[in-house]
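Chemist: Okay, here's the structure, questions in a sec.
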Amino acid sequence: MKEFRTTLDDRSARKVTRAAKRMGVTVPEYLRNLIKRAHTETKKEQLERIDREGYLRFPVTPDEFPFAEKDRVWPE
Numbered sequence: 184m185k186e187f188r189t190t191l192d193d194r195s196a197r198k199v200t201r202a203a204k205r206m207g208v209t210v211p212e213y214l215r216n217l218i219k220r221a222h223t224e225t226k227k228e229q230l231e232r233i234d235r236e237g238y239l240r241f242p243v244t245p246d247e248f249p250f251a252e253k254d255r256v257w258p259e
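Using the working numbering, you'd call the opening residue of the sequence shown number 184 and step up by one each time.
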């Protein structure tokens with residue numbers, strides 16, 4: 184495991200400490216979880232952006248899905 188040192192302003196430090204306490208974890212554990220979630224969200228946003236760009240480059244054509252919405256039967 185690597186160690187990183189950083190400085191937080193007093194307000195942020197208090198918020199982090201309170202949040203960690205509420206969750207019943209240590210401050211380092213809270214920060215590790217926060218970083219992990221941020222990476223997951225960033226990856227998700229990247230994949231959504233790539234998907235969106237793909238549809239912009241290659242839009243769905245009218246004949247791509249040969250069935251009409253009204254013809255679909257959805258289970259109740």
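Where is the CB? At the ideal position from N, CA and C, for every residue including glycine.
Given the structure is predicted, the values throughout are model-derived calculations rather than measurements.
Could you compute how far the alpha carbon of Val199 sits from the alpha carbon of Met206?
Modeler: Their Cα atoms are separated by approximately 11 angstroms.
Chemist: Give the straight-line distance between the Cα atoms of Leu230 and Ser195, rounded to the nearest whole angstrom.
Modeler: Taking the straight line from one Cα to the other gives about 30 angstroms.
Chemist: Look at the alpha carbon of Ile218 and the alpha carbon of Val243, and state the distance between them as a whole number of angstroms.
Modeler: Near 37 angstroms, if we compare the C-alpha coordinates of Val243 and Ile218.
Chemist: Rounded to whole angstroms, what's the CA-CA distance from Ala221 to Tyr213? Just pull it up for me.
Modeler: Cα to Cα, the separation comes out at about 12 angstroms.
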